Amino acid sequence: MKRITVKIAGPAGMGIKSAGLLLAKIVTEAGYYFADYSEYPSLIRGGHNTYQITVSPKEVFMADKKANLLIALSPGHEEDGKNLLKIPLSTMTMQLGGQIYANTISIGAICWILDLNRENAKNIVTGYYGDDPKNPEAFEIGWGWAGTNAKKNEIDKVKDNGDKGSIMDGNEAFGWGLFRGGCNFFAAYPMTPATGVLHFLAKNQDKFGIKVVQPEDEIAVANEATGASIAGASAAVATSGGGFALMNEAVSFGGMIGAGVVYFVGQRPGPATGMPTWTVQGDLLYSVFSGHGEFAKIVLAPGDTQECWECGWESINLANKYDIPVIVLADKILCESSKNIIDPEKGKVEVIKSKKIIPGSGIYLYNSYEHDEEGFSTEDAGIAKKGTEERLNKMKNILKIEKYIFNFYGSKTARNLIVSWGSTKGAILEAIRGNSDMAYLQIKMLWPLNKEIEKVIKSFKTKILVENNATAQLGKLLRSEMGIEFNKTVLKYDGRPFFPNELKEELI
324 MKRITVKIAG PAGMGIKSAG LLLAKIVTEA GYYFADYSEY PSLIRGGHNT YQITVSPKEV
384 FMADKKANLL IALSPGHEED GKNLLKIPLS TMTMQLGGQI YANTISIGAI CWILDLNREN
444 AKNIVTGYYG DDPKNPEAFE IGWGWAGTNA KKNEIDKVKD NGDKGSIMDG NEAFGWGLFR
504 GGCNFFAAYP MTPATGVLHF LAKNQDKFGI KVVQPEDEIA VANEATGASI AGASAAVATS
564 GGGFALMNEA VSFGGMIGAG VVYFVGQRPG PATGMPTWTV QGDLLYSVFS GHGEFAKIVL
624 APGDTQECWE CGWESINLAN KYDIPVIVLA DKILCESSKN IIDPEKGKVE VIKSKKIIPG
684 SGIYLYNSYE HDEEGFSTED AGIAKKGTEE RLNKMKNILK IEKYIFNFYG SKTARNLIVS
744 WGSTKGAILE AIRGNSDMAY LQIKMLWPLN KEIEKVIKSF KTKILVENNA TAQLGKLLRS
804 EMGIEFNKTV LKYDGRPFFP NELKEELI
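With the sequence shown counted from 1, adding 323 to any position gets you the numbering used here.
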C-alpha cells in the first residue's frame, strides 16, 4: 500500500489528538511523511473528537478523508459490510488503572498493524509521556493484542530514511517564523484557531527574548502592538475574524502614522461567533479592505505549515520595511494541522529593521489626524493630497520590489490552470498529482496584486477557481483588479476543508 489513513475517534478528554501526534512522531522517526487533520466541536469540554493521519513514504500534502483504519475509543454504530476489529479497551485499561491509557494501547496496536519497529516506537512512547511507566506497558498490551487478533496492513517501505525535519502545526511554525524574523513584541487575546501562536510564544518568551502580553480585549491588543511599533519594536498580534473586526481602527491608525504591525488572522466560519473550531476562507476581502480610508497594506496567505514559518519572518520584515500593516491569513486547518517542516532554528532567514525614528533618538510627533511633515494637524488641500499619495505610493514600491508573490506547479503547456490561495494548496496538489493536464497557481501575496499573476492566468485558456468560501472572494478580487473570468468555480463552505478525492472529482 502506497499510503494509509488512520483515524482515532472518541470522547473529549481521552487524549485523542495527543495520541495522534504521538503516532505522527513515530512514523516520522521511521522515515515516513504524514499530514493530519482533527475535528472537535465548539465546546469548552465534551463532544466527540477525531484525529486522522495519512502516512506515506512519499510527501503527503493533505490528509485523505476516507480512513483505512479506524480506532474508536467509544462505542458507536456498526455499519454493515465493514470489517471491524474490536479491541477490548475497557478490560485492558482496568488492569492499568484508568481509561486514559486507551489511546496508548491503540497506538501499540496501530504500530503492529503498520509493521513499524517495535523497540523504536516503544522508546518514542516512553519519551513522549515522560516518567509514567504505565504508558510503555499500555503500548506493549496493544502490540501484543494486535499480534494475536489482527492482520498487518503494511505501507510501502521507506527507501530514504533521512531527516524529515520537525513536527509542528501552523500556529507554532508561524511563531517560530516571527522569532527568527526579529519580532520582539507579541500581543493576543485568546481566540480559536489562532490561540496556539499565543501559547507557543508565551511558553518560549524568555528563550526567544520576546515580550508577550495578553491584554483585556482585541482593541487593546492592536493598540498595544501599534504603540510598541512606535517605540521601535517589531510587533505582531494573532486573532480570528471577530477579533480582527475590533482591531480595524488600529489598522487604519497604523496606516496613517506608519506603524508596521503584523496581524495574523486564523479564519473560521462566520458571521458573528459562527463555528469557532471549523475552517473557512471567508475573510479575504474583509482583510484587503480593512481599516477606513485609503492607505497601503499587505495581505499574505501561506499555504502549508512550511510556508507559515516562512511567512512569519517575511511578514515581520515587510511590516518593518514599509512601516505598514501586514495581514497574514490562515485558517483552522492550517493553524491546527501538523506536518514535517525544516528545522525552524536552522532555516535561512532575512531580518529587516524599521528605519523610522524611535523615542530617544530624535523628536517625532505621531498624529492620527492628517498632518504635515512635522506631525502637526492640517486640513491644507495640498498637504492632504501629498500625504495620501505618499501613503499609497508604498504600494507601487511593494509591487516593484517584492518577490513573495505566487507559486506555480505543473507545466505552462497544461490544458487547465487551477487558481487558489491559502490552505487549499494541499488538497489541490494531491488532486492533480500525476495529471499533466492540470497546472496550479497558488497566490501568496493577495494584496497588492502583482501584474505577473495576471500574465500567468491569462496565458491559459481554461481557468478553474478553487476556494473554501461561499462567495468566490479571490475570484471577485481578480475580476475587479485584472478583468479575469473563470471557466469553472469550485467552492466549499460547510466548515470542512477540501479533501483530495472529493476535489479530484470536482475538477474532472
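Where a beta carbon is used, it is the ideal one built from N, C-alpha and C, also for glycine.
The structure presented is a predicted model; accordingly, all values stated were derived computationally and were not measured.
Who does residue i pair with in a DSSP beta bridge?
i	result
Asp836	Residue 836 lies beyond the residue range present for the chain, which begins at 324 and ends at 831; the question has no answer from this structure.
Pro334	His371
Val588	Thr562, Leu652
Ile433	DSSP lists no partner for Ile433.
Thr785	Asn739
Ile327	Val378
Ser700	His694
Val813	Val789
Ile621	Val649
Measure how close the beta-carbons of residue i and residue j come, nearest whole angstrom, since I'm counting them as under 8 Å.
i	j	result
Phe729	Lys774	12 Å between Cβ atoms; not a contact.
Phe531	Phe497	In fact, because the Cβ distance is near 13 Å, the residues do not count as touching under 8 Å.
Tyr451	Lys340	Their Cβ separation, rounded to whole angstroms, is 13 Å, which puts Tyr451 and Lys340 out of contact at 8 Å.
Ile327	Asn476	6 Å
Asp646	Gly581	4 Å
Met417	Pro823	40 Å between Cβ atoms; not a contact.
Tyr732	Tyr763	4 Å
Phe699	Leu688	7 Å
Gly333	Ala395	7 Å
Asn458	Tyr512	Actually they do not touch by this definition, with Cβ atoms about 35 Å apart.
Gly818	Cys658	That pair is no contact at about 14 Å.
Ser489	Ile664	6 Å
Pro648	Gly564	Rounded, the Cβ-Cβ distance is 16 Å, inconsistent with contact.
Val383	Tyr356	5 Å
Gly710	Ala642	Gly710 to Ala642, Cβ: 20 Å. No contact.
Asn792	Leu814	7 Å
Ser613	Asn571	5 Å
Whole angstroms is fine: what's the gap from residue i's alpha carbon to residue j's?
i	j	result
Phe462	Thr427	5 Å
Ala619	Thr549	16 Å
Asn640	Glu495	18 Å
Glu633	Thr562	19 Å
Ile301	Trp468	This structure cannot speak to residue 301, because the chain is shown only from 324 to 831.
Phe821	Glu753	11 Å
Gly505	Asp486	27 Å
Leu393	Asp627	26 Å
Asn391	Lys381	17 Å
Glu828	Asp760	14 Å
Ser691	Thr701	11 Å
Ser610	Ala707	25 Å
Thr377	Ala358	6 Å
Ile269	Gly465	This structure cannot settle anything about residue 269, because the visible part of the chain is limited to 324 through 831.
Ala473	Cys434	12 Å
Pro682	Lys723	31 Å
Ala737	Glu825	22 Å
Ala568	His615	12 Å
Gln375	Tyr363	12 Å
Pro592	Gly745	15 Å
Asn739	Gln765	14 Å
Gly597	Ser365	10 Å
Leu623	Asn446	41 Å
Ile686	Glu696	12 Å
Phe809	Leu772	17 Å
Asp479	Lys719	51 Å
Ser397	Gly369	13 Å
Lys676	Thr449	44 Å
Ala573	Glu547	10 Å
Leu345	Gly806	48 Å
Val481	Lys526	35 Å
Gly757	Gly670	30 Å
Phe508	Ala543	14 Å
Asp529	Pro667	17 Å
Asp636	Ser661	It is Trp, not Asp, that sits at residue 636 in the sequence shown. Roughly 19 Å separates the two Cα atoms.
Ser575	Gly566	15 Å
So is the beta-carbon of residue i under 7 Å away from any non-hydrogen atom of the ligand SAH?
i	result
Ala704	You won't find the ligand SAH in this model; it holds no ligand whatsoever.
Assess contact between the stretch 352-364 and the stretch 780-790, defined as three or more Cβ pairs (one per stretch) separated by less than 8 Å. Is contact present?
no
May I have a chain-ordered list of the beta strand (DSSP E) segments no shorter than 3 residues that lie completely inside the stretch 624-681?
649-654, 661-664
Spell out a yes or no on whether the stretch 790-801 and the stretch 602-609 are touching, meaning 3 or more CB-CB pairs, one atom from each, closer than 8 Å.
yes
Along the chain, which unbroken stretches of the alpha helix (DSSP H) at least 4 residues long are found entirely within the stretch 718-771?
747-754
Quick one: complete alpha helix (DSSP H) runs, 4+ long, within the stretch 338-396?
339-352
With contact counted as at least three CB pairs below 8 Å, one residue from each stretch, are the stretch 533-544 and the stretch 506-522 in contact?
yes
Write down every uninterrupted run of the beta strand (DSSP E) in the stretch 466-535 whose length is 3 residues or greater and which is fully enclosed by it, in chain order.
489-492, 508-511
Report yes or no: do the stretch 567-587 and the stretch 644-658 share at least 3 C-beta pairs separated by less than 8 Å?
yes
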